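Each protein sequence line maps, in turn, to chains Z and Y. In case it helps, our numbering puts the first sequence at residues 1 to 107. In case it helps, our numbering puts the second sequence at residues 108 to 219. Here a beta-carbon is modelled for each residue, glycine too, at the ideal position from N, C-alpha and C. In this text, all values refer to a predicted model and were calculated from it rather than measured experimentally. What follows is a set of notes on a single structure, which appears directly below.
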Amino acid sequence: GIQVEQSPPDLILQEGANSTLRCNFSDSVNNLQWFHQNPWGQLINLFYIPSGTKQNGRLSATTVATERYSLLYISSSQTTDSGVYFCAVEGAQKLVFGQGTRLTINP
Amino acid sequence: ETGVTQSPTHLIKTRGQQVTLRCSSQSGHNTVSWYQQALGQGPQFIFQYYREEENGRGNFPPRFSGLQFPNYSSELNVNALELDDSALYLCASSLNQYTEAFFGQGTRLTVV
Chain Z
1 GIQVEQSPPD LILQEGANST LRCNFSDSVN NLQWFHQNPW GQLINLFYIP SGTKQNGRLS
61 ATTVATERYS LLYISSSQTT DSGVYFCAVE GAQKLVFGQG TRLTINP
Chain Y
108 ETGVTQSPTH LIKTRGQQVT LRCSSQSGHN TVSWYQQALG QGPQFIFQYY REEENGRGNF
168 PPRFSGLQFP NYSSELNVNA LELDDSALYL CASSLNQYTE AFFGQGTRLT VV
């Protein structure tokens, strides 16, 4: 089955810094989503991005499907950006998740 | 438009008991998927229902079963609970099998 790897596993930054989270996947996929898991466990949709680049405020994402990776950029980090970020790709009618990147933004 | 809602939010059960978790899909969505998330891990696919039929299953034993109703809401049933079943159970709905998935807030199950 499809393998999804996220890096780095942990990232600690100061408020105001920029960050780049990476997601590699092992096979071609139809869909790719980025999520932020809040402290209560809910997965919040950030981007639905099977290919190309999208931006939403301080967040942007790029997926290069031919090279099997996606990047999530967070600019001017705020403490509320802290949490776990998951990349998930669709394979055989299911989402396959990476292990996540735990982002900590210190004031 | 209401989002995906799950109930209950928290649950404590004893080993060997049975549990039913519920999920109401987002309005207009006919596909519901269930995931199990152990502490510190990414969510793992349990199964998917599309128009009331099971449409794919992950590597979970038969004591994990499900149901989708005509209004596309869904239930996850787990029989003979084991301590390792303690996890966050997430439900996701989507417009169809291949579109963006939206998750509920989850049910945190503790088996003691």
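Cβ-based burial, Ala145 of chain Y [other Cβ within 10 Å; buried from 16]: On the second sequence, residue 145 of chain Y is found 38 positions in, with the first residue counted as 1. Its Cβ having fewer than 16 others within 10 Å, Ala145 of chain Y is exposed.
Closer than 8 Å to chain Y by CB, Glu90 of chain Z: Start at 1 with the first residue of the first sequence, and residue 90 of chain Z comes out as number 90. It does; some Cβ of chain Y falls within 8 Å.
CB contact flag (Asn26 of chain Z, Gln55 of chain Z, <8 Å): Sequence index remark: in the first sequence, residue 26 of chain Z carries index 26 (1-based). Sequence index remark: in the first sequence, residue 55 of chain Z carries index 55 (1-based). A small fix is needed here, since residue 26 of chain Z is Ser in this sequence, not Asn. No, these two residues do not count as a Cβ contact at 8 Å.
At least 3 beta-carbon pairs within less than 8 Å: the stretch 179-197 of chain Y vs the stretch 76-95 of chain Z: no
Cβ neighbours of Cys23 of chain Z in the same chain (closer than 7 Å, five flanking residues each side left out): Residue mapping note: residue 23 of chain Z aligns to position 23 of the first sequence, counting from 1. Closer than 7 Å at Cβ, skipping near neighbours: Val4, Gln6, Tyr69, Ser70, Cys87 and Gly98.
8 Å contact criterion, which Val219 of chain Y and Ile119 of chain Y should meet: CB distance rounded: As a position in the second sequence, residue 219 of chain Y is number 112, starting the count at 1. As a position in the second sequence, residue 119 of chain Y is number 12, starting the count at 1. Contact holds; Cβ gap of about 6 Å.
8 Å CB neighbourhood of Leu79 of chain Z in its chain, flanking five on each side removed: On the first sequence, residue 79 of chain Z is found 79 positions in, with the first residue counted as 1. Reading the sequence as shown, one finds Thr at residue 79 of chain Z and not Leu. Glu15, Ile105, Asn106 and Pro107, listed in sequence order.
Members of the stretch 186-211 of chain Y that neighbour chain Z once the beta carbon cut-off is set at 8 Å: Leu195, Leu197, Ala199, Gln204, Tyr205, Thr206, Glu207, Ala208, Phe209, Phe210 and Gly211
Distance between Gly163 of chain Y and Thr121 of chain Y (C-alpha atoms, nearest Å): Taking the second sequence and counting its residues from 1, the one referred to as residue 121 of chain Y is at position 14. Taking the second sequence and counting its residues from 1, the one referred to as residue 163 of chain Y is at position 56. When rounded, the distance between both Cα atoms is 29 Å.
Classification of Pro39 of chain Z by the beta-carbon crowding that lies within 10 angstroms, buried from 16 upward: For the purposes of this step, residue 39 of chain Z is identified with residue 39 of the first sequence, where counting begins at 1. So Pro39 of chain Z ends up on the exposed side.
Chain Y within 8 Å of Lys54 of chain Z, Cβ atoms only: The sequence position of residue 54 of chain Z within the first sequence is 54, counting from 1. Not closer than 8 Å to any Cβ of chain Y, the Cβ of Lys54 of chain Z fails to qualify, so no.
The beta strand (DSSP E) enclosing Ser19 of chain Z, as first and last residue numbers: Residue numbering aside, residue 19 of chain Z sits at position 19 when the first sequence is read from its first letter. Counting along the chain, the beta strand (DSSP E) containing Ser19 of chain Z begins and ends at Ser19 to Phe25.
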